[in-house]
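Okay, so here's the structure we're looking at.
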Amino acid sequence: MGAVIVEAVRTPVGKKNGGLSGLHPADVSAVVLNELVSRAGIDPELVEDVIWGCVGQVGERTHDIARNAVLAAGWPETVPGVTIDRQCGSSQQSLNFAVASVVAGHYDAVIAGGVESMSRVKMGASIGVDAGVPFSPKFMERYGVAPNQGIGAEMMAQKWSLTRTQVDEYAARSHERAAAAQDGGLFKDQTVALTTPDGTVVSQDEGIRRGTTVEKLAGLKTVFSDDGVIHAGNSSQISDGSAALLVVSDEFASKHGLTPIARVHTAVVAGADPVMMLSAPIPATEKALAKSGLNVSDIGVFEVNEAFAPVPMAWQKEIGADDDVLNPNGGAIALGHPLGGSGARILTDLVHHMRRNDIRYGLQTMCEGGGQANATILELV
């Protein structure tokens, strides 16, 4: 049985304490869920599961936010939901799980996506008072240090000989590309506007800083090392947002008159050094290409999550992709990184970009806590 993506939609990405910060994350998710089935033109009761990524499963995001989002959307109580955590790649993993389940015949229609409201539940809140909680004595015996993603980004910059100027140039480019995409209306078809309790309509991504230059970024103080390169301006933003994709069997699509957009050609996950943490997109991409039988030149667009500028930059040095096909509409440095929702946010942009430009193959990968990375190759139908 084949599985196809027939619709993909996301919220605008809200900046920290911005337009979406007044909304409960289950309600933000509900808006996306309702918009997704509305665009597809199907009854929500036909959805057999909602697989939802969320990293900070604490406070408002506990008690299986996937299920709470379904109920907040007003859907039938018969529609279940499950929440998963593969750190920043959670909602990319949700797509892979959804596709595998349809191919296996477990579902005919399933939604993959995710959410994070980082303004309301602070990053790291699930760790608790003792910052050492996630890392056991055996882990510490093996590695001798508690991993830190910012230090990992510095390690990557050092290993791949990336200078402060180079990473700042990349960051400025992300804002430039995202601004151009926004001005060109490229995000309009993939986003659904939200209305806040005070009546404000949030319809565009809030994190883009127009006019960002290397000179302006040079004035920012590094965070993790006095002689390092990483600062707030070349790192992903703390953000709020949600995104989702509708995955159905070929038979379901035909029966309900749905037009397939893309299918998952290849999906892999890889592990690497958990202390450096952020380098796994490189072996994940290599693994995906080897498994797919495709070459770098066959891929018309690459999305490599911009957790920190050195991540896509080191990836590019190793993989050799052309600059113009890497994050063509900007990335998390400019648009923001709502953790559990980011994988689906990027996938949504990727699906729409491929359809708009008639690109046959696109590859997405993102670094994840624990030194992991998903890599997914989409094929336009």
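Residue numbers for the sequence shown, in the numbering used here: 4 to 384.
Using N, Cα and C, we set each Cβ at its ideal position, and we do this for glycine too.
Since the model is a prediction, treat every value here as computed from it, not as a measurement.
A residue is called buried once 16 or more other Cβ atoms fall within 10 Å of its Cβ, and Arg145, having fewer, is exposed. Inter-segment contact for the segment 53-64 and the segment 349-358 is absent: fewer than three beta-carbon pairs are separated by less than 8 Å. Taken atom to atom, the span from the alpha-carbon of Phe190 to that of Ala184 is near 7 Å.
Each residue's CA atom was taken as its position, placing Gln169 and Pro331 some 18 Å apart.
By the Cβ rule, the segment 209-227 does not count as touching the segment 352-362, because fewer than three pairs are nearer than 8 Å. Taking Ala29 as the centre and dropping the five residues before and after it, the same chain places the C-beta of Ile68, Asn71, Ala72, Ala75 closer than 6 Å to its C-beta, in chain order. Annotation: Phe142 is outside any beta strand (DSSP E); the continuous alpha helix (DSSP H) that includes it extends over 140-146. For Met369, the enclosing beta strand (DSSP E) starts and ends at 364-371. For Asn298, there is no enclosing beta strand (DSSP E), as DSSP marks it with neither H nor E. Among the bridge pairs identified by DSSP, Trp55 is matched with Thr86, Gly116. In the structure shown, Asn99 adopts helical secondary structure according to DSSP, grouped into three states. When rounded, the separation of the alpha-carbon atoms in Glu80 and Gln152 is 39 Å.
If you draw a straight line from the Cα of Asn308 to the Cα of Arg89, it comes to about 14 Å. Taking C-beta atoms as the reference points, Ala335 and Ser239 count as a pair closer than 8 Å.
Here Gly5 is not near Arg176, since their CB atoms are 8 Å or more apart. With respect to the 8 Å criterion, Val250 and Val102 are classified as neighbours on the basis of their beta carbons. Taking each of Ala246, Pro137, Glu48 in turn and checking the Cα distance to His340, the smallest one comes out for Ala246. Following the DSSP letters along the chain, one finds Ile380 inside the beta strand (DSSP E) bounded by residues 375-383. Pairing Gly56 with Pro284, the inter-Cα distance amounts to about 19 Å.
The Cβ atoms of Cys91 and Leu342 lie closer than 8 Å to each other. In this structure, Ala273 keeps its C-beta atom at 8 Å or more from the C-beta atom of Ala156.
A distance of 8 Å or more separates the beta carbons of Ser252 and Val12. In this structure, Tyr173 lies away from Ala293, with their beta-carbon atoms at least 8 Å apart. Taking the C-beta atoms as reference points, Ile241 is found no nearer than 8 Å to Met369. Where Ile154 is concerned, the enclosing alpha helix (DSSP H) starts and stops at 152-162.
Taking C-beta atoms under 8 Å as the contact rule, Ile114 and Val50 qualify, at a distance of about 6 Å. Sequence-distant Cβ neighbours of Asn20 in its own chain, meaning closer than 7 Å and more than five residues away, are Ser122.
Note on geometry: alpha-carbon atoms of Gly17 and Gly108 lie some 37 Å from one another.
In the three-state scheme derived from DSSP, where H, G and I count as helix and E and B as strand, Ser245 is classed as strand. The straight-line gap separating the alpha-carbon atoms of Gly214 and Ser300 is approximately 32 Å. The Cβ atoms of Gly365 and Gly296 do not sit closer than 8 Å to each other. The C-beta distance from Gly117 to Gly344 rounds to 4 Å, short enough to meet the 8 Å contact threshold. The distance from the Cβ of Lys290 to that of Ala378 is about 7 Å, consistent with a contact at the 8 Å cut-off. Nearest Cα to Thr194 within the set Arg42, Glu371, Ile380: Arg42. Trp163 and Met280 do not touch by the CB rule: their CB atoms are close to 15 Å apart, not below 8 Å. Contact check for Ile8 against Leu248 passes: the beta carbons are separated by less than 8 Å.
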